[in-house]
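*Asks:* Sharing a structure below in structure tokens format, with a few things to ask.
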């Protein structure tokens, strides 16, 4: 089996262009990059599946030879095309929603990402626990340990009612109430 060099180079170029577009900040370019990378992988799998023009399905009396195409690769590509189109439709809907919400196609930096990036990366510089940090921003608070563990809630009051099985009418006499 000899691989077609043109198809291999085309698959590599499609995959490389797809990865380049995936690294861009614009949502539409990310979607196009995902499509190009998926098509490059499909072309690579098709090239690895066998020679072009060979029948993938053989009759009962035919002998298997090296010139026959692998039907598994073609079935995988058909499945991959369906999955890629469904994923593209989903991503296009997300991109449309982002455009309607923010009126911009560019994915911007999140302020939380900057706060997390400013945290110390050395394990010894990090606190032992996050009890003294503000739960929304992650920064230490002036008040100290306000967000630490609280005392447990008091258990429900135990009354003298018999267990449920001992009642003849199968209805409890009293309802247990929270003492708070």
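In the working numbering, the protein residues as written are -2 to 177.
Virtual Cβ for every residue (Gly too), placed ideally from N, Cα, C.
Taking only the alpha-carbon atoms, compute the straight-line gap between residue 6 and residue 79 and give it to the nearest angstrom.
*Replies:* Looking at the two C-alpha atoms, the distance is approximately 24 angstroms.
*Asks:* May I ask you to list the residues that DSSP assigns as paired with residue 103?
*Replies:* 23
*Asks:* State the start and end residues of the unbroken alpha helix (DSSP H) segment that holds residue 110.
*Replies:* That run of the alpha helix (DSSP H) goes 108 to 115.
*Asks:* Report all residues from its chain with a CB closer than 7 angstroms to the CB of residue 44; omit the five preceding and five following residues, and keep chain order.
*Replies:* 0, 1, 4, 5, 8
*Asks:* In whole angstroms, what is the alpha-carbon distance linking residue 24 and residue 106?
*Replies:* A direct Cα-Cα distance of roughly 13 angstroms separates residue 24 from residue 106.
*Asks:* Could you pull out every residue in the same chain whose Cβ sits closer than 7 angstroms to the Cβ of residue 95, ignoring the five residues on either side in sequence?
*Replies:* So the qualifying residues of the chain are 24.
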